[in-house]
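Counting the sequence shown from 1 gives a position; this note's numbering is that position plus 29.
Just so you know, even glycine gets a beta-carbon here, dropped at the ideal spot from N, CA and C.
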Amino acid sequence: MARIKLTLPDVWHYSTSLSVRISDINFAGHLAHDSILSLIHEARAQFFNHMEFGELDVEGKGIVVADVVITYANEAFFRDSLQIQIAASEFTKKGCDFYYRLSNEKTGKEIARAKTGIVFFDYTERKPCEIPQSFLKHFT
């Protein structure tokens, strides 16, 4: 089986801590794969809030997730505190990629890596739009 290799950026723009909830645990007793997507969504929402935006309001424009990649390195368990680092890169006219590294805060072990491809979207016009300048200025 060919494994996906996700290379992470050198610079991180934001970091937050989230705890693994009981609802994040699967039948095998560890962090479920679908919960990683929920955790990175929460971290991304906090990142947008940190920049004083909302995922549906960056100069009146929103975002949509165009693609997702998640790779796993180690297990995480109920009540583990995870550090989630986020970086934005690979900017295009209408979007960018967000990279995530999830690590156990206590042990430092990497739990997972992820990438979401983000496209800015005009929900009034119902079509993709250019990245707002106020968003770009956080990364230049």
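Exposed unless 16 or more other CB atoms sit within 10 angstroms - verdict on residue i
{"i": "Asp109", "result": "buried"}
{"i": "Lys144", "result": "buried"}
{"i": "Leu68", "result": "buried"}
{"i": "Tyr152", "result": "exposed"}
{"i": "Lys34", "result": "exposed"}
Sub-8 Å separation of residue i and residue j beta-carbons
{"i": "Val40", "j": "Phe164", "result": "no"}
{"i": "Val49", "j": "Leu66", "result": "no"}
{"i": "Lys119", "j": "Cys125", "result": "Note on residue identity: the sequence assigns Glu, not Lys, to residue 119. The answer is yes: Cβ separation under 8 Å."}
{"i": "Phe127", "j": "Ile140", "result": "no"}
{"i": "Asp104", "j": "Ile92", "result": "Reading the sequence as shown, one finds Glu at residue 104 and not Asp. Cβ distance not < 8 Å, so Glu104 and Ile92 don't count as in contact."}
{"i": "His70", "j": "Phe168", "result": "no"}
{"i": "Val72", "j": "Tyr129", "result": "Note on residue identity: the sequence assigns Ala, not Val, to residue 72. The answer is yes: Cβ separation under 8 Å."}
{"i": "Ile51", "j": "Phe106", "result": "no"}
Residue i in three-state terms, based on DSSP
{"i": "Glu71", "result": "helix"}
Cutoff 8 Å; reference residue i; Cβ partners in own chain excluding five residues on either side
{"i": "Arg32", "result": "Thr100"}
{"i": "Ser44", "result": "Gln112, Ile113, Gln114, Ile115"}
Whole-angstrom C-beta distance between residue j and residue i, which should lie under 8 Å
{"i": "Arg142", "j": "Leu37", "result": "6 Å"}
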